[in-house]
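Heads up: the structure comes next, in structure tokens.
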Amino acid sequence: MEKKLEVKGMVCPFPLIEAQQAIEELKSGDVLVVEFDCTQGTESIPTWAAEAGHTVTNFEQIDEAAWIISIQKK
Amino acid sequence: MIITGLLCGALLGFVMQRGRFCLTGGFRDMYIAKNNRIFYALLLAIAVQSVGVFLLIDFGVFEYSAGSLPILAVIIGSFIFGIGIILAGGCATGTWYRAGEGLIGSWIALAGYMLMSTIMKSGILAPFNQRAQETAVLPSNSIAETFGINHWVIIIPFVVIVGVILYKQLTKPKVVIPSLKPKRTGLAHILFEKRWNPFVTATLIGLIAFIAWPLSAATGRVFGLGITTPSANILQYLTTGDKGFLNWGVFLVLGIFAGSFFAAKASKEFRFRMPDVKTGINSFIGGNLMGIGASLAGGCSIGNGLVMTAMMTWQGWIGLVFMILGTWTASYFVFVRPRQKAKAAKLKEQISAV
């Protein structure tokens, strides 16, 4: 299952907090797709995902100051 | 000569934007994520600057006296400042560089910060601030002076401690942090795309903070990086027309804005972003608290947290501790408690559903 989380307009650390909350509701193997535009999130979100043991399946910049990251729950 | 301020600021803005160097986030994460990485990076920047500046002082390039210590104003001011930066979503420098990224929320915070700093320094709250600065004053601000020892007796053990922390951090089993698919190559990739290691960023910031001293001293302003007074000076200059308010520091903060704008634009990370109403109001309140706090404490997370710490002063270190406590207090109310409440409410819902 894939869940989409749109947190554009939110400033850090809220995109990260929202992502952490959202992933709690998923099952192992499910993918959380986060769309965000907070620059600092490009550091904090992948770092958190890696350290928590989840797998980042996709991470790219989609527009000026806009990114998308897909995180598969461990 | 004042133009060197602009260059120094531009470098700082560039490095902070690309390195995503955020002290507010760093202090907050010590508490909510139990992650001390940015705090350690700050210690590294302090160490680099400290060694450099004290060497210059020992070689007689300039003289510096830390003066006396209004301890109560430093404690209360730093705590208020810590609360303010959580609400504003960035410290004083952070707000300047995020303004350069096009975040309107940071423009709002900056407006509140500049206004309140001016009110505290030369406006209706100046007498109150003056009295606070004269209350509970301890004679010596320099830690070395208090103990009657040479400053290197403090600096060298500090550098050793930072070295040990760094060694432990760098030899920790690494988790691979996923990075963006590279779309550029060579220097452009390193400067405008690649993720910077926080310790590399911190070393660069320490070097910039060090260079700031001789550059600023050459214009007659014997101090390093500073944000609050220069931010107030801009408003004072704009409203009085008195050129006396234009100094090295004013160009420094304008440089931060310009450097960050350039870095963000070149990395395709600039876009005007409007906050929602709640974030906008928090930014304004946060900015005002930052202005009050930094004026009382005699410095922000840069002036006290990075520079006065490197000068091995009580003001720097006490300020840093209370600033961090302020961010933790605000983090509890802004991030931790709402989450606990949401969890509890959800649990209740599930129980009642059963």
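For the record, the sequence lines run as chains B and F. Numbering follows the working numbering, in which position 72 of the first sequence is assigned residue number 72; successive positions increment by one, without gaps. Going from the second sequence to the working numbering is simple: count from 1 and add 74. Glycine included, C-beta positions come from ideal geometry on N, C-alpha and C. Quick caveat, the model's predicted, so the values are computed rather than measured.
Cutoff 8 Å; reference residue i; Cβ partners in own chain excluding five residues on either side
{"i": "Gln243/F", "result": "Arg111, Tyr114, Phe273"}
{"i": "Leu116/F", "result": "Leu97, Gly100, Ala276, Gly379, Leu380"}
{"i": "Lys8/B", "result": "Glu35, Phe36, Asp37, Ala66"}
Environment of residue i [buried if 16+ CB atoms lie within 10 Å]
{"i": "Met1/B", "result": "exposed"}
{"i": "Glu175/F", "result": "buried"}
{"i": "Ala338/F", "result": "buried"}
{"i": "Ala65/B", "result": "buried"}
{"i": "Glu43/B", "result": "buried"}
{"i": "Arg172/F", "result": "buried"}
{"i": "Gly134/F", "result": "exposed"}
{"i": "Asp33/F", "result": "Outside the displayed span of chain F (75 to 428) sits residue 33/F, for which this structure offers no information."}
{"i": "Met348/F", "result": "exposed"}
{"i": "Gly323/F", "result": "buried"}
{"i": "Thr353/F", "result": "buried"}
{"i": "Ser375/F", "result": "buried"}
{"i": "Ser357/F", "result": "buried"}
Chain F within 8 Å of residue i, Cβ atoms only
{"i": "Phe59/B", "result": "yes"}
{"i": "Ile17/B", "result": "yes"}
{"i": "Val34/B", "result": "no"}
{"i": "Val7/B", "result": "no"}
{"i": "Glu2/B", "result": "no"}
{"i": "Gln40/B", "result": "yes"}
CB contact below 8 Å: residue i versus chain B
{"i": "Cys96/F", "result": "yes"}
{"i": "Val249/F", "result": "yes"}
{"i": "Leu244/F", "result": "no"}
{"i": "Gly163/F", "result": "yes"}
{"i": "Glu42/F", "result": "Missing from the structure shown is residue 42/F; chain F here goes from 75 to 428 and no further."}
{"i": "Leu254/F", "result": "yes"}
{"i": "Phe266/F", "result": "no"}
{"i": "Leu261/F", "result": "no"}
{"i": "Phe409/F", "result": "yes"}
{"i": "Ile269/F", "result": "A small correction: the amino acid at residue 269/F is Arg; Ile does not occupy that position in the sequence shown. Interface residue, yes."}
{"i": "Glu219/F", "result": "no"}
{"i": "Gly179/F", "result": "yes"}
{"i": "Gly99/F", "result": "yes"}
{"i": "Glu45/F", "result": "As displayed, chain F neither begins before 75 nor continues past 428, which places residue 45/F out of reach and without an answer."}
Sequence-distant residues of the same chain with beta carbon closer than 6 Å to residue i, five excluded per side
{"i": "Gln123/F", "result": "Gly280, Ala283, Phe284, Ala384"}
{"i": "Ala43/F", "result": "Since the displayed chain F opens at 75 and closes at 428, residue 43/F lies outside it and no answer follows."}
{"i": "Trp391/F", "result": "Thr383"}
Own chain, CB closer than 7 Å to residue i, minus 5 neighbours either side, in chain order
{"i": "Gln40/B", "result": "Cys12"}
{"i": "Leu394/F", "result": "Asn378, Gly379, Thr383"}
{"i": "Ser216/F", "result": "Ala140, Met386, Thr387"}
{"i": "Phe266/F", "result": "Arg258, Ala340, Ser341"}
{"i": "Ala210/F", "result": "Pro144, Ile145, Leu146"}
Distance cut-off 7 Å: residue i Cβ against heavy atoms of the ligand NAD
{"i": "Pro46/B", "result": "Absence of the ligand NAD is noted for the structure shown, with no ligands found whatsoever."}
Touch test, the segment 298-308 of chain F against the segment 159-167 of chain F, Cβ-Cβ under 8 Å, three pairs minimum: At 8 Å Cβ cutoff, the stretches touch.
Residues of the segment 102-118 of chain F whose Cβ lies closer than 7 Å to any Cβ of chain B, in chain order: Under the 7 Å Cβ criterion, the segment 102-118 of chain F contributes Arg102.
Contact list for the segment 19-31 of chain B against chain F, Cβ threshold 8 Å: Cβ contacts with chain F: Gln21.
Using 8 Å as the cut-off, can you tell me whether the segment 290-297 of chain F makes contact with the segment 176-193 of chain F, which would need three or more C-beta pairs spanning the two stretches below that distance? No, the segment 290-297 of chain F is not in contact with the segment 176-193 of chain F.
Pairs of beta-carbons, one from the segment 7-24 of chain B and one from the segment 406-414 of chain F, closer than 8 Å: are there three or more? They touch, by the three-pair rule.
When you check each C-beta in the segment 329-358 of chain F against every C-beta of chain B, which residues fall closer than 8 Å? Correct list: Ala338, Lys342, Glu343, Phe344, Arg345, Arg347, Met348, Pro349, Asp350, Thr353.
Say whether the segment 188-206 of chain F touches the segment 361-379 of chain F, bearing in mind that this needs 3 or more beta-carbon pairs closer than 8 Å, one atom from each stretch. With a cut-off of 8 Å, the segment 361-379 of chain F and the segment 188-206 of chain F count as touching, because enough Cβ pairs lie within range.
Tell me whether the segment 85-96 of chain F and the segment 258-277 of chain F touch, counting them as touching only if at least three CB pairs, one residue from each stretch, are closer than 8 Å. Contact holds: three or more Cβ-Cβ distances are below 8 Å.
Using a Cβ distance threshold of 8 Å, determine whether the segment 313-325 of chain F contacts the segment 144-158 of chain F, with at least three qualifying pairs required. Not touching, per the Cβ criterion.
Touch check for the segment 57-73 of chain B and the segment 252-268 of chain F: three-plus C-beta pairs under 8 Å? Under the Cβ criterion (8 Å, minimum of three pairs), the segment 57-73 of chain B counts as touching the segment 252-268 of chain F.
Touching by the beta-carbon criterion (3+ pairs, under 8 Å), the segment 331-348 of chain F and the segment 81-89 of chain F: Under the three-pair Cβ rule at 8 Å, the segment 331-348 of chain F counts as touching the segment 81-89 of chain F.
Any C-beta of chain B within less than 8 Å: which residues of the segment 273-302 of chain F qualify? If the cut-off is 8 Å between Cβ atoms, the segment 273-302 of chain F has nothing near chain B.
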